[in-house]
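Going line by line, the protein sequences match chains A and B. Read left to right, the first sequence gives residues 1 to 264 (my numbering). Read left to right, the second sequence gives residues 265 to 598 (my numbering). Even for Gly, the Cβ is constructed at its ideal location relative to N, Cα and C. Reading through the structure tokens given below for one structure.
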Amino acid sequence: MLKLSHVSKTFNTGTINEKKALIDLNLHLEPGDFVTVIGGNGAGKSTMLNAVAGVWPVDQGSIVIDGVDVTGLPEFRRAQYIGRVFQDPMMGTAPNMQIVENLALAYRRGQKRGLGWGVTKAEKTLYREKLATLGLGLEDRMTSKVGLLSGGQRQALTLLMAALQKPKLLLLDEHTAALDPATAAKVLELSDKIVQENSLTAMMITHNMKDAIVHGNRLIMMNEGRIILDIRGEDKKKLTKADLLQKFAEVAGVQEETDSVLLS
Amino acid sequence: MNIAAYFASLSLTNLLSRMPAAVAQGIIWGLMALGVYITFRLLDVADLTVDGSFTTGGAVTAVLILAGWPAWAALLVALVAGILAGLCTGLIHTRLGIPAILSGILTQFALYSINLRIMGKNPNLSASVSKFGMIWETEGGKGFLLSSRFVPQAILVGLFLAALIIGVCYWYFGTEQGSALRATGSNPAMSRAQGINIDTMKVLGLALSNGLVALGGGLMTQFQGYADINMGRGAIVIGLAAVIIGEVLCDALFHKGCNFAVRLAFVVGGGIAYYIVMTIILWLKLDSNDLKLFTAVIVAIFLAVPYLQSQARSSFKHAGKMAQKAGKEVEPHA
């Protein structure tokens with residue numbers, strides 16, 4: 001469903017701040033894969049998701065979604081294939097617009113926006129049903145401005161919006177990191193439900209190793225712009241937090257060694 | 265100066281007799297302010313093109329009417345000229361990466377020369393008001409008149425046009441495209457993620473906004489019977505004044521928010537309120553050369569109100585005072 005081939009991206013090329021964020025990255029997701037992505041700060045997790053979403057062009061390599069090469073397409077054109085939820089709850093919704101208007105915007109993702117009504121009557125019924133499944137009571141506040149909602153409510157709404165027009169790929173970029181533990185658990189549960197019900201192909205970045213193990217059918221660990229671990233199926237089910245910590249320590253150990261070589 | 269003599273010299277009838285003209289002018293500036301509302305509030309861009317495009321609308325209207333065009337056709341061309349001006353600002357901003365505010369200033373600056381060219385290098389084009397007045401002429405010399413010579417009719421025609429334009433705006437901003445435009449102003453990152461080309465939306469918004477502004481300039485030319493190269497100077501400030509006064513009045517009357525069309529009507533109302541205040545200031549025999557200073561002060565006050573209100577509710581100064589009240593044992597920071 002998603003194929004990254006030899007993708008590289010360097011920021012601030014040729015300056016003292018040069019950062020090789022992605023190095024010859026290869027990744028192939030099968031339809032229905034739900035991949036959790038872990039790794040330390042600066043490992044390239046968000047950079048990989050942004051490369052797929054088309055926030056900026058990559059330096060090298062190709063990105064293919066469901067057989068379509070999207071490497072040369074800007075973000076708003078790739079949006080027809082991709083649903084996204086961001087780390088910052090403020091980022092995924094338009095605060096000055098009503099809940100229904102936000103849903104209607106998402107419902108038309110990837111379609112031409114003409115001079116037909118922005119929200120039709122039939123849609124409102126659909127949105128009411130969908131909102132009711134969240135169990136947050138938003139179905140009774142459909143004309144409220146989204147800016148009045150809490151962070152958790154906004155993330156839940158953003159999730160709903162991302163799946164409203166079934167995407168080929170769902171990208172979740174630490175979407176529970178800014179929420180309190182109880183809300184985060186709810187939003188995660190909702191993510192699982194939405195992915196399963198729509199049988200979506202999804203990638204989820206998380207800093208929580210337990211979440212990374214429990215959710216999805218596949219786990220990748222990144223370090224310094226590369227994928228250093230790719231576990232799926234039965235192996236992933238057997239995976240423990242201790243295994244991952246050990247892998248983290250190995251990677252960190254390698255870094256310490258190179259540091260000591262440099263410093264000696 | 266003797267204060268008693270000053271007050272004796274003010275005549276209430278004189279003020280009342282000036283009011284209709286103030287209302288008529290206010291409606292026209294209110295229509296122009298709808299254009300400012302599109303960029304300033306919906307698109308979240310401070311567009312300074314309007315000072316130039318208002319004059320462009322006036323200049324085009326004057327030239328075409330003097331050339332014998334019917335007024336309605338001249339006004340339509342003015343609208344298109346304004347759209348082109350906005351397009352220009354939008355393309356400079358999105359295609360050349362120049363900040364929106366600077367793009368507007370550049371276009372506005374360039375428009376001064378273009379406006380002079382349109383007016384055949386005359387800084388001022390006038391004709392008899394009778395030639396300018398008729399927006400829609402029916403047989404027998406009757407029709408819709410927008411002229412300072414027939415103020416009551418001008419008010420009616422102005423209100424009719426305002427209702428028409430508010431209706432069109434209400435419809436457009438409720439469509440898929442209009443919603444996408446509003447989303448672009450509300451959250452550009454989210455809009456891109458929903459597949460909206462925000463550059464296109466910005467160009468579109470700037471074009472529509474300046475089209476309305478130029479239409480306002482054309483109507484003003486109709487009303488006063490002349491176009492002047494400086495007629496748009498400070499238009500952005502008057503437009504902002506109308507938008508902000510209108511919103512403050514609207515929020516004061518509708519605490520729970522109101523329909524979008526009502527909100528737009530209040531923007532036009534803001535234009536009227538602004539001109540009534542200006543008329544009162546002139547009636548008080550304050551120097552008309554100081555009008556721009558008054559306008560700036562009024563706009564600054566209205567812009568500052570929301571900030572000052574939030575400061576009154578919560579500020580470091582306030583928090584510090586409360587802390588000092590609660591416990592006297594700690595010395596305040598010197």
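Enclosing beta strand (DSSP E) for A/His6 [first to last residue]: 2 to 11
Closer than 8 Å to chain A by CB, B/Ala447: yes
Is DSSP giving A/Asp173 helix, strand or coil here? strand
Check whether the stretch 466 to 482 of chain B and the stretch 346 to 362 of chain B are in contact - that is, three or more C-beta pairs closer than 8 Å. yes
In three-state DSSP terms, what is A/Val119? coil
For the alpha helix (DSSP H) containing A/Thr158, list its first residue and its last residue. 151 to 164
Could you give the DSSP three-state label for B/Lys549: helix, strand or coil? coil
Using the Cα positions of B/Leu532 and B/Ala323, report the straight-line distance between them to the nearest angstrom. Here the sequence assigns Val to residue 532 of chain B, which means Leu is not the residue at that position. The alpha-carbon atoms of B/Val532 and B/Ala323 are separated by roughly 23 Å.
Can you tell me whether A/Val85 is helix, strand or coil according to DSSP? strand
Under 9 Å, CB to CB, which of the residues in the stretch 104 to 115 of chain A have a partner in chain B? Ala104, Leu105, Ala106, Arg108, Arg109, Gly110, Gln111, Lys112, Arg113, Gly114, Leu115
C-beta contact flag for A/Val7 and A/Leu29 at 8 Å: no
Contact criterion: CB-CB distance below 8 Å. Does A/Gln98 meet it with respect to chain B? no
Give me the Cα-Cα distance between A/Arg232 and A/Asn217, rounded to the nearest whole angstrom. 6 Å
Using a Cβ cut-off of 8 Å (strictly closer), state whether B/Gln441 contacts chain A. yes
Taking 8 Å as the threshold (beta carbon to beta carbon), is A/Trp117 in contact with chain B? yes
If you draw a straight line from the alpha carbon of A/Ser5 to that of A/Pro57, how long is it in whole angstroms? 14 Å
What residues of chain A sit near B/Arg282, judged by a beta carbon separation below 7 Å? Within chain A, no residue comes near B/Arg282; the closest Cβ sits about 39 Å away, beyond 7 Å.
Span of the alpha helix (DSSP H), counted from its first residue to its last, around B/Ala374: 364 to 382
For A/Arg109, three-class secondary structure by DSSP: coil
Please compile the residues from chain B whose C-beta is within a distance smaller than 8 Å of the C-beta of A/Glu174. Result: empty, since nearest Cβ-Cβ is about 15 Å, beyond 8 Å.
Please decide whether B/Ser579 counts as near chain A, where near means a Cβ-Cβ distance under 8 Å. no
B/Phe437, buried or exposed, once every other Cβ within 10 Å from all chains shown has been counted against 16: buried
Inter-residue spacing [alpha-carbon to alpha-carbon] between A/Ala163 and B/Val507: 38 Å
Report the start-end ranges of each alpha helix (DSSP H) in the stretch 195 to 224 of chain A that is 4 residues or longer and not cut off at the edges. 209 to 214
Span of the alpha helix (DSSP H) around B/Ala590: 580 to 590
Would a C-beta distance cut-off of 8 Å place A/Ile38 and A/Met161 closer than the cut-off? no
For the alpha helix (DSSP H) containing B/Asn474, list its first residue and its last residue. 462 to 488
Between A/Ala79 and chain B, is there a C-beta pair that is closer than 8 Å? yes
Does the beta carbon of B/Gly459 come closer than 8 Å to any beta carbon on chain A? yes
Measuring CA to CA, which of A/Leu105, A/Thr183, A/Leu219 is closest to A/Gln165? A/Leu105
If contact means a Cβ-Cβ distance below 7 Å, which residues of the stretch 208 to 226 of chain A contact chain B? none
Quick check on B/Met495: buried or exposed, where buried means 16 or more other Cβ atoms within 10 Å of its Cβ? buried
Using three-state DSSP, classify B/Gly414 as helix, strand or coil. Here residue 414 of chain B is Phe; the residue named in the question, Gly, does not match the sequence. Coil at B/Phe414, not helix or strand.
Give the residues of chain B in contact with A/Ala242, contact being defined as C-beta atoms less than 7 Å apart. Simply none; closest approach about 37 Å.
Could you confirm whether any beta carbon from chain A is found closer than 8 Å to the beta carbon of B/Arg456? yes
Whole angstroms are fine: how far does the CA of B/Cys514 sit from the CA of B/Lys520? 10 Å
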